Structures are given as C-alpha cells and as structure tokens.
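Presented below is the structure to which this report refers.
Residue numbers (full-length UniProt numbering): 1 to 555.
Right under this line is the structure:
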C-alpha cells in the first residue's frame, strides 16, 4: 500500500488509478492508500504530473525516486512515505527467488521470503515506519514456529540513504547469486544431517541460535553433540507462498533455516545450532590399544560391547537382561576411561552422567533416570553412570538410601542398552545390583609390566620418549601408582623440566610426585623405618622408655 496525498489522487486521470480516485472523491483524510497493483508506470507518470500541477514538490520527488528504482537506478529515499515502495521496486529489480538474506545470531546469513513491505502509521509513541514481513521454515528446532519475522525501519534509519545502505546497515542483504550458492551448499549439508544423522555424534564450534538454559553461553568450541532430530519428527513444510515481490497469482519458495536441535554431551543441555557449524565426529577405535588391561578383561569387554542386542531379552515382556558392566576399584585405575575407550571402539556417542546430578530423593532419582535412559536409548548411545556409589551401596537400616537403591534397580530393569557403572567401592555393593550386572570388573593399580607400558603410552602422548634407564627406575620406585597418577606426574614433571630449561630427569618426577602426595619406594621405606624407630624410643606417660618396658614384661 502506497500512501499519497488525497488531493493529488483525486486530480489524476489514469485509468489504473480509477478505483482509488473514486474513493478519494469522498475521502476525508489528507492521505489515502494506493494498492501496489495500481501503481503502473502510467499511474506513476500521472501522479508525478499532477503533483507538479498542484504544487506538491515533496510528493513529486517521491514519485521520481520510485520511477528511478524501476529503471534500475538506486535512488536515495527522500522521505518515509515513499520508502516502502522504493525498497519494493529495488528488490523486484534484481529478484531471483524473492528472498532477503538476514544475518542472524549464529553468524550466518539466512534467506527469507519477502511477504510484504508496507508503511506502518505512527502513533503517540513513535512516527511512521517501514515494516518488512519475512517467512522461512524452521522445522528442525525445538519450537518450530510459523510466526513471521518482522523488520522495522524508522525514519532516521532509512531517509537520506539508498535502499541498499538502509538494509545493509541492519544486517539485511538483497539476494544475489553468491548468497544463494552459499545457502544451497549449506542446505545440502543440512539435508544429509537431517536425513541420515539422527543420533549421530558431531563436533560443534560456533554460536548457538538458542539454548535451553538461558544462563549458558551461546558460544561453544569443540563440543561433542548428538543430533536429536529424528526424520519422522520434522514439522511440515509450507513450500511456497504469495510474495510482494511477485505478481498476483505467482508464488515464491519459502526457504529453510539450516538449523537443527542438538544435545551438548558435556554441558548436558539442548541447543539449536546451524548445521554449517557441525563437523562429523571421527571415532578412534585405535584407542583400545592404549588401554592397558589384563587380557581376560579386555576380551570380556569386547564381547559385551559387541552385538549389544544379542541375548538381552527376558521372560517378562518389556524387561531386559541388558548389558550392565560394573567397574569398581580405587580412583584413577581406569574405570571411566574404559567406558570412554569402548564407546570409541563401537562408534557410538558416550552419554556420561555423574550420579550427583540425579537427585537426592527416590522420586527425583527415578524421574531423572527415566529421562536419561530414554535419551540413551533414543540415540543408541553408550551410557556411563559415573561415581555411582550411592546407587550400588548395600542396603541396610537407612530407609532413604534403601529406597534410592530400590528405585535404581526398578528403573534399570527396563533399560536394554549398554551401561557402565563405576564405583570406588571394592566391597559393600548390594547383591541385587551384582545380580543385575552382566559383568563385574574389579580394577587394581597396574603391576610393573603394565605400569611400564602406561608410562610409555603417556609419554608418547606428550611427544616424549623416556630413556630405558629412566623408565626402569620409574617403574621400580613408583610402586602401587595408578594410571591417573602416572599421567598427572608425567605432565607436571615435563612442565618442571621445561621451566628449568633442563633435560627431563628422575628428580623432576620425584618433585612432581610430592605435589600429589606420592613417594618413591625408597622414601616410603625410610619413612617407615623412621616411624618404627620413633615408636621404639617414645617414652610412656611415666617417662619410661617403652622399648625397655616391653622387654621386661612377662610373657
């Protein structure tokens, strides 16, 4: 709708303006709207000449600007009244699909079909402004919406500028072939992910369009995510719609926003992200060779993590024998690492949950477990319930604790995926939990040969080759050391040597170990002898040497 002085319209003679001219004869307002379909070239010429005759130079300049835009020129917008029509003609002149490209919060320029461009009258709080209504389909985000995107341009944002300047300053771009080619390439990636990537793991680096947790950062780097949009859950598409840039009876294609709903495995929240920011995750089955385990444990894990759906049924319909692996042992011996490695080996996402996030009441535990089990089953992911001590603890007199274990067992009965449970408890595990597990694997600190292998693997992971003599001494002196402590001591020793500008030495390892409360065998032996000597010479409360007292006591 184009706004014009009523007196000018009433004085025109063009046949194209006949309908509006008839209304203008009895119109009480000083301005009247002319439908876009009536603004033919003949009508514009008539309006221009009439404006000159009636002494309306401002309106005449507006008509001249619109005429210039139709001939491919890029006029400066003279006033807010003419802005909508000038922008409309500017976009029509180079129309490809009838789209405008808008830079969104994810950093990408997204296409939208132009539905309408019109002047919105002012009110007591503001003056008139240009309103541009846009449409795009977004069927693969959390809340697919058909509410149009609306852009507003105030007088100060558009008057005195060319249409391109006004649009560009707002992050809006007229369509061109380069923008379309970029979009088509991105849409191809989007289609592949949507059609074949449900439940698959990707690496996301970029800025999320939205997050479930509004307090969380939208910008993330190197995050492992899972595509949470199943093909049969995609909202319907509209395909095409009428557009202000097309003639009456013609339709423009509604573009797709290349966004998808994903789950961040580290932050444990849902995001809407651009598929252009997703990189297919490359699993590394070779990590299995770096996991130091006894041969029988390695074989058992390989059996349990292969053909997960085999032999997991139950005589009760709906129940499952499952593949639950309980890994128990002191901290740092490789329980969690085992789950991480075998997820890589079988090429599935690892959904890791810390038991502390499940709640402290039986009801909360049950509710959260059901959600977690549903997600793991939905994505066909490996589930890791880390530090699950509270759920596997042997039941006793604590009724709340008993109820938590009972709820855990009840919910576990219907999970048929691969689940790793880790606990630092070596005993005191509830018998019902043990009975529910396909395997219970107890982890110990590595023996000398395993420790030697771990030292070498960790060193090579840091691009260091340990001297054989140094390696032998590390194995002899650091007995009963866990794999985690080997990793941390090695890293700190390397930093100490680098800081000192010296070659890595055994003393660097000793120094680093002290900061983790770890001592060499020699230090431990010396400390034990010292303690024994001190005990032998400590006087009793009467001041008598205890060693002497023990010697004279009767048998």
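For glycine and all other residues, C-beta sits at the position ideal for the given N, C-alpha and C.
Note that the coordinates shown come from a computational prediction; the quantities given were computed from them, not determined experimentally.
Taking Cβ positions, are residue i and residue j nearer each other than 8 Å?
i	j	result
residue 261	residue 142	yes
residue 48	residue 71	no
residue 257	residue 137	yes
residue 459	residue 422	no
residue 383	residue 358	no
residue 20	residue 9	yes
residue 473	residue 515	no
residue 245	residue 92	yes
residue 179	residue 109	yes
residue 128	residue 119	yes
residue 95	residue 248	no
residue 489	residue 328	no
residue 98	residue 88	no
residue 392	residue 425	yes
residue 582	residue 102	The shown model of the chain, from 1 to 555, leaves out residue 582, and the question about it has no answer.
residue 211	residue 289	no
residue 438	residue 409	no
residue 170	residue 77	no
residue 124	residue 150	no
residue 243	residue 252	yes
residue 31	residue 4	yes
residue 189	residue 79	no
residue 52	residue 140	no
residue 300	residue 323	no
residue 374	residue 355	no
On the premise that residue j lies in contact with residue i, defined as a C-beta separation below 8 Å, what is that separation, rounded to the nearest angstrom?
i	j	result
residue 273	residue 259	7 Å
residue 337	residue 381	Residue 337 to residue 381, Cβ: 17 Å. No contact.
residue 234	residue 194	7 Å
residue 481	residue 445	6 Å
residue 483	residue 509	About 15 Å; that fails the 8 Å criterion.
residue 302	residue 186	Their Cβ separation, rounded to whole angstroms, is 40 Å, which puts residue 302 and residue 186 out of contact at 8 Å.
residue 443	residue 345	Not really, about 18 Å apart at Cβ, beyond 8 Å.
residue 34	residue 66	Not a contact, Cβ separation roughly 11 Å.
residue 430	residue 405	6 Å
residue 452	residue 471	6 Å
Within its chain, find whatever has a CB closer than 8 Å to the CB of residue i; leave out the 5 residues flanking it on each side and keep chain order.
i	result
residue 164	74, 90 and 174
residue 219	206, 207 and 208
residue 317	Because residue 317 carries a pLDDT of 48, less than 50, the predicted location of this residue cannot be relied on, and the following value inherits that uncertainty. Cβ within range, chain order: n/a, list empty.
residue 368	357, 358 and 359
residue 168	none
Which two residues bound the contiguous alpha helix (DSSP H) that contains residue i?
i	result
residue 157	155–158
residue 183	177–196
residue 84	80–93
residue 59	57–70
residue 487	483–500
residue 19	18–24
So, at 7 Å on beta carbons, what are the nonlocal neighbours of residue i in its own chain, with the 5 sequence-adjacent residues on each side left out?
i	result
residue 479	521
residue 366	407 and 411
residue 213	269
residue 227	193, 197, 198, 199, 200, 202, 260 and 262
residue 11	50 and 54
residue 122	128
residue 42	14 and 16
residue 221	205
residue 285	344 and 345
Let's see if you can read the secondary structure: which residues bound the beta strand (DSSP E) around residue i?
i	result
residue 219	219–227
residue 422	418–423
residue 133	129–135
residue 360	Note, residue 360: premise wrong, no beta strand (DSSP E); not H, not E.
residue 207	201–207
residue 32	31–34
residue 382	382–386
Quick one: what's residue i bridged to in DSSP?
i	result
residue 99	113
residue 46	Looking at the DSSP assignment, residue 46 forms no beta bridge with any residue, so it has no partner.
residue 328	423 and 442
residue 274	259
residue 323	418
residue 171	DSSP lists no partner for residue 171.
residue 216	According to DSSP, residue 216 bridges with nothing at all.
residue 349	Paired residues: none, contrary to the question.
residue 429	393
residue 252	241
residue 3	33
Spatial neighbours of residue i within its chain, please: C-beta separation below 6 Å, excluding the five flanking residues on both sides.
i	result
residue 315	Note that residue 315 scores 42 on pLDDT, short of 50, meaning its location in the model is unreliable; the coordinates nonetheless yield the value given after this. So no residue of the chain qualifies.
residue 339	384 and 420
residue 378	none
residue 497	504 and 508
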